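Down below is the structure, laid out as structure tokens.
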């Protein structure tokens with residue numbers, strides 16, 4: 003759980019518990035804690051046994067475990083969101099830190115709970131029955147997905163179904179919109195795309211634009227959040243705003259598991275969930291452009307964090323499903339080249355707007371820097387970011403329309419496989 007929310011909040015609590023007046027403690031914790039936890043985590047990773055296919059009981063058990071883990075994560079996130087920035091003295095901070103560490107250590111008790119459940123299996127099995135749904139880790143999901151895709155591909159070749167999927171109805175050939183949606187779209191999920199083929203795919207560039215105009219904008223917004231708060235006269239709430247962004251980004255990452263858990267009762271293509279996740283971003287930026295109040299700033303920050311967190315977590319699975327699980331390392335690295343590119347472009351736009359609206363009154367004599375105060379400092383930036391996020395939303399919607407057929411075909415095959 004070395005996530006931004008947990009990291010920022012724990013370091014704040016630990017720093018306040020040790021010495022509230024020293025900023026060096028916070029920097030020291032940032033340097034040492036990741037190093038120590040990485041070394042400790044390396045030991046079980048090196049001793050990890052070979053991965054064997056799970057039995058139906060094992061899948062059901064893992065579903066319960068991940069359900070419990072997500073509830074614990076949500077509770078931990080709410081706890082840190084509410085209490086991490088409220089402690090002002092070392093005694094109170096020590097108590098809150100102890101509670102946070104207890105919540106973080108609680109997942110270690112889950113193996114004992116699992117063994118206890120197996121012991122009482124016949125008594126409580128019916129109340130924990132979660133057939134057909136569950137939270138699945140990305141690596142296991144990729145393996146299972148790849149197996150099903152290989153089975154379906156062989157079946158298509160044997161039965162001649164592949165040709166049927168490629169054919170287009172007369173209606174699809176009519177009009178510009180139908181041509182854009184149907185031309186050279188993905189026929190099936192999981193088909194391997196080497197880098198040379200990936201960059202020639204329209205679906206990839208739609209996905210790239212959606213990420214570039216969605217998650218990356220949210221990341222740049224968080225990097226400029228301190229200066230945004232200062233220009234709106236909310237400098238005293240900067241820590242609270244950063245905590246809110248981290249918290250809702252954390253919750254967005256947890257929500258990215260919902261499509262897998264709800265797929266039996268309410269199935270949507272994962273690209274549809276991506277489109278839904280992009281909706282809060284333009285709402286947030288246009289809200290910030292309309293109002294410069296503290297409430298609008300907090301709501302906008304929460305919406306941007308929720309949206310970007312979902313996108314960051316779901317992107318790995320989407321890349322695997324659309325362009326192949328074996329090529330995910332190279333393909334996803336090509337995708338995330340938009341992060342440094344977006345950081346440069348969006349940051350440059352924000353800096354130009356900020357400097358152009360800075361008045362001479364805002365000159366800081368000590369640092370010889372210009373400080374802009376007022377809504378005008380980021381008004382045009384929010385408008386530009388909002389318009390670009392609408393572009394990302396449209397790109398994601400088009401990607402969903404182009405990939406919906408492949409997702410529906412995959413879901414039908416998955417259901418038919420379970421029936422037999």
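In our numbering, the protein residues as written are 3 to 422. All C-beta atoms, glycine included, are put in the ideal place defined by N, C-alpha and C. The structure presented is a predicted model; accordingly, all values stated were derived computationally and were not measured.
Straight-line gap, residue i to residue j (C-alpha atoms, nearest Å)
i	j	result
residue 410	residue 385	37 Å
residue 299	residue 290	6 Å
residue 149	residue 416	Caution is warranted here: a pLDDT of 48 is assigned to residue 149, below 50, making its placement in the model unreliable, and the coordinate value is therefore given only provisionally. Between residue 149 and residue 416, the C-alpha separation is close to 11 Å.
residue 225	residue 348	11 Å
residue 36	residue 185	47 Å
residue 93	residue 402	52 Å
residue 21	residue 109	29 Å
residue 288	residue 189	37 Å
residue 29	residue 269	45 Å
residue 26	residue 261	42 Å
residue 95	residue 31	15 Å
residue 1	residue 97	Nothing can be reported for residue 1: it is not among the residues displayed for the chain, which extend from 3 to 422.
residue 256	residue 80	13 Å
residue 34	residue 42	12 Å
residue 358	residue 292	20 Å
residue 38	residue 204	44 Å
residue 418	residue 408	15 Å
residue 69	residue 325	28 Å
residue 346	residue 46	39 Å
residue 383	residue 332	33 Å
residue 264	residue 376	45 Å
Sub-8 Å separation of residue i and residue j beta-carbons
i	j	result
residue 220	residue 327	no
residue 276	residue 320	yes
residue 379	residue 233	yes
residue 302	residue 286	yes
residue 394	residue 216	yes
residue 344	residue 214	yes
residue 24	residue 195	no
residue 414	residue 271	no
residue 187	residue 404	yes
residue 99	residue 19	yes
Option nearest residue i by Cα separation, candidates the options
i	options	result
residue 231	42, 96, 294	294
residue 107	37, 71, 307	71
residue 111	18, 67, 99, 94	67
residue 248	227, 262, 264	227
residue 341	354, 223, 99, 413	223
residue 305	288, 283, 322	283
residue 373	382, 212, 353	353
residue 238	69, 97, 262, 296	296
residue 323	412, 260, 375	412
residue 218	308, 264, 261, 229	308
residue 355	331, 381, 346, 273	381
residue 318	273, 358, 47, 69	273
residue 360	229, 69, 44, 45	229
contact_flag[the stretch 383–403, the stretch 236–245] where n(CB pairs < 8 Å) is 3 or more
At 8 Å Cβ cutoff, the stretches do not touch.
Count the CB pairs spanning the stretch 324–338 and the stretch 193–209 that are closer than 8 Å, and state whether there are at least three.
Yes, they touch.
Using a Cβ distance threshold of 8 Å, determine whether the stretch 208–215 contacts the stretch 393–412, with at least three qualifying pairs required.
Because the criterion of three Cβ pairs below 8 Å is met, the stretch 208–215 and the stretch 393–412 touch.
Is there contact between the stretch 247–258 and the stretch 74–85, where contact requires at least three CB pairs shorter than 8 Å?
Segments in contact, yes.
Cβ pair count under 8 Å reaching 3, the stretch 303–321 against the stretch 278–287
The way I'd put it, the stretch 303–321 does touch the stretch 278–287; three or more beta-carbon pairs between them come closer than 8 Å.
Does the count of Cβ pairs from the stretch 10–20 and the stretch 94–113 closer than 8 Å reach three?
Contact holds: three or more Cβ-Cβ distances are below 8 Å.
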